[in-house]
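Novice:
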Amino acid sequence: MARTPDPIAWFWQLSATAATPSIGRLTQAATVQQPQARPVADQDFRVFGSYAMVYIQAGHGRYRDANGTRQALGPGDVVFVSPRLGHRYGPNEGGWVQTYLVFDGPVFDHWHRDGWFGPRQPVRHAGDTPRWSAALREVVFGTAGSPAPEVEPDPLGQIVRLQALLAKLPRPKEGQAPRTQLLPEWATEAARRLGDQLGQPLDMEALAHSLHVSYTTFRRGFTQAYGMPPARYRAARTLDHARELIRTTRLTDQQIAHRLGFSDPQHFSKRFKQLVGRTPSQFRASL
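Sequential numbering from 0 applies to the sequence shown in numbering that gives the first Met the number 0.
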């Protein structure tokens, strides 16, 4: 049975032609009413290439990641998703309402390195659902009310407002340093290379050799660090890029499949549904 698209209360996405500040950018935001998540195994962790901040407005769910974090979620909780960290989160029976922001850039890398958000404490409780829901909308549009449709949000203003909102969150608890800082240098370099040139074939054994580790060490160490084998990690990044192409371009499934190295559109559609939970056409319709 095809999964019905999630009802979207509001959605915003950065225009492909918009000039963005060099310090960072907000690329996407929405409030979504999501039904119960389909069951997934830990090896089906997702990996993002950007930061994401998810605020749970109503309903309950769960979060887990490759670092071993397992946590229940409820109204007022904020989930921070870090780039390259395998993770999963979703609602329990009855679904939930979430507002999410997707962002990246040097200024947020600093926030991440300082431990303000990241894998050390990916879930924090903000509370006060109406106030935070309005604050997140204000980050995007500069107003908590309905923005004028002809007014384009100011990218620099978005970055400033988002940082001000981050500063209002409860400080992270003191404790163990984020695991990402403890990874071997070859593992972080491997993750970077696995996310490059996604439409080209990649020899995993040759990659391991170039990183000066054995293939066995490479595969086992990477899986332990990121929660999935290197090949699955690359596939996840490829499908993340496919979603971005669907959101931001008018490329057909055949064109996207060719660009990302799939043998044909049918193979692309099958892999997309396996990792995303819906076909490319269903995903496109939900936008």
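Think of the CB as a built atom: it goes at the ideal place given N, C-alpha and C, for glycine as much as any other residue.
Can you give me the C-alpha to C-alpha distance between S213 and Y232, rounded to a whole angstrom?
Specialist: Translated into the one-based positions of the sequence shown, residue 213 becomes position 214. Translated into the one-based positions of the sequence shown, residue 232 becomes position 233. Roughly 19 angstroms between the two C-alpha positions.
Novice: Please name the residue, chosen from T128, K269, Q162, that lies closest to I22 on a Cα-to-Cα basis.
Specialist: For the purposes of this step, residue 22 is taken as residue 23 along the sequence shown, with counting starting at 1. Among T128, K269, Q162, the Cα nearest to that of I22 belongs to Q162.
Novice: Would you kindly work out how many angstroms separate the C-alpha atoms of H59 and A205, rounded to a whole number?
Specialist: To locate residue 59, count along the sequence shown from 1; it is residue 60. To locate residue 205, count along the sequence shown from 1; it is residue 206. Distance between the alpha carbons of H59 and A205: 44 angstroms.
Novice: Pairing CB atoms from the segment 60–68 with CB atoms from the segment 100–116, are three or more of them under 8 angstroms?
Specialist: With the cut-off at 8 angstroms, the segment 60–68 and the segment 100–116 do not touch.
Novice: Pull up the distance between the alpha-carbon of H257 and that of P264, whole angstroms please.
Specialist: Here residue 257 refers to the residue found at position 258 when the sequence shown is read from its first residue. Here residue 264 refers to the residue found at position 265 when the sequence shown is read from its first residue. Taking the straight line joining both Cα atoms gives about 8 angstroms.
Novice: Using the DSSP secondary-structure output, state which residues sit across from P228 in a beta bridge.
Specialist: Numbered from 1 along the sequence shown, position 229 holds the residue referred to as residue 228. Partner(s): none; P228 has no beta bridge.
Novice: Could you say if the segment 151–162 and the segment 111–127 meet the contact criterion of at least three C-beta pairs nearer than 8 angstroms?
Specialist: Touching, no, given that fewer than three Cβ pairs across the two stretches are closer than 8 angstroms.
Novice: Tell me which residues share the same chain as F217 and place their Cβ nearer than 6 angstroms to its Cβ, disregarding the 5 neighbours each side in the sequence.
Specialist: Your numbering for residue 217 matches position 218 in the sequence shown. Excluding residues within five positions, the ones whose Cβ falls inside 6 angstroms are A207.
Novice: Looking only at C-alpha atoms, which of G94, R192, F47, Q33 sits nearest to D239?
Specialist: Counted from its first residue, the sequence shown places residue 239 at position 240. It is F47.
Novice: Considering P200, what are the terminal residues of the beta strand (DSSP E) in which it resides?
Specialist: The sequence position of residue 200 within the sequence shown is 201, counting from 1. No beta strand (DSSP E) holds P200; DSSP gives it neither H nor E.
Novice: What do you reckon, are the CB atoms on Q27 and Q12 nearer than 8 angstroms?
Specialist: Within the sequence shown, residue 27 is the residue found at index 28, counting from 1. Within the sequence shown, residue 12 is the residue found at index 13, counting from 1. Contact: yes.
Novice: List, from N- to C-terminal side, the beta strand (DSSP E) runs of 3 residues or more that fit wholly inside the segment 6–36.
Specialist: Runs of the beta strand (DSSP E) inside the segment 6–36: 7–12, 24–33.
Novice: Could you check what DSSP says for G260 in three-state terms: helix, strand or coil?
Specialist: By 1-based counting over the sequence shown, the position of residue 260 is 261. Coil.
Novice: For Q298, which residues in the same chain have their Cβ closer than 8 angstroms to its Cβ, ignoring the five residues on either side in sequence?
Specialist: Because residue 298 is not part of the residues shown, which for the chain are 0 to 286, the question remains open.
Novice: Going by C-alpha distance, which of A18, Y50, V78 is nearest P169?
Specialist: As a first step, residue 169 is located in the sequence shown; it is residue number 170 there, counting from the start. Comparing Cα-Cα distances from P169 to each of A18, Y50, V78, the minimum goes to V78.
Novice: Determine the extent of the beta strand (DSSP E) in which P90 is found, giving its start and end residues.
Specialist: For the purposes of this step, residue 90 is taken as the residue at position 91 of the sequence shown. Taken as a continuous stretch (DSSP letters only), the beta strand (DSSP E) holding P90 covers 86–103.
Novice: Here's the rule: buried if 16 or more other CB atoms are within 10 angstroms of the residue's CB, otherwise exposed. What is P6?
Specialist: Counting from 1 along the sequence shown, the entry for residue 6 is found at position 7. P6 should be labelled exposed.
Novice: Please classify A190: does DSSP put it in a helix, a strand, or coil?
Specialist: Here residue 190 refers to the residue found at position 191 of the sequence shown. Note: A190 maps to helix in three-state DSSP.
Novice: Taking only the alpha-carbon atoms, compute the straight-line gap between Q273 and R283 and give it to the nearest angstrom.
Specialist: Locating residue 273 in the sequence shown gives position 274, where the first residue counts as 1. Locating residue 283 in the sequence shown gives position 284, where the first residue counts as 1. So the alpha carbons of these two residues sit roughly 16 angstroms apart.
Novice: Would you report the Cα separation of L100 and R219, rounded to the nearest angstrom?
Specialist: Taking the sequence shown and counting its residues from 1, one reaches residue 100 at position 101. Taking the sequence shown and counting its residues from 1, one reaches residue 219 at position 220. Approximately 33 angstroms between the Cα atoms of the pair.
Novice: Output the distance between the C-alpha atoms of S49 and T30, rounded to the nearest integer angstrom.
Specialist: Against the sequence shown, residue 49 aligns to sequence position 50. Against the sequence shown, residue 30 aligns to sequence position 31. Roughly 18 angstroms separates the two Cα atoms.
Novice: State the beta-bridge partners of R45 as determined by DSSP.
Specialist: Numbered from its first residue, the sequence shown carries residue 45 at position 46. R45 is bridged to H86.
Novice: So, is R69 buried or exposed, given that buried needs 16 or more other C-beta atoms within 10 angstroms?
Specialist: On the sequence shown, residue 69 is found 70 positions in, with the first residue counted as 1. It counts as exposed.
Novice: Short check: CB of D76 to CB of H124, under 8 angstroms?
Specialist: The residue given as residue 76 occupies position 77 in the sequence shown. The residue given as residue 124 occupies position 125 in the sequence shown. Their beta carbons are under 8 angstroms apart, which means D76 touches H124 by this criterion.
Novice: Taking C-beta to C-beta, are T128 and P74 nearer than 8 angstroms?
Specialist: Within the sequence shown, residue 128 is the residue found at index 129, counting from 1. Within the sequence shown, residue 74 is the residue found at index 75, counting from 1. Taking 8 angstroms as the Cβ cut-off, T128 and P74 qualify as a contacting pair.
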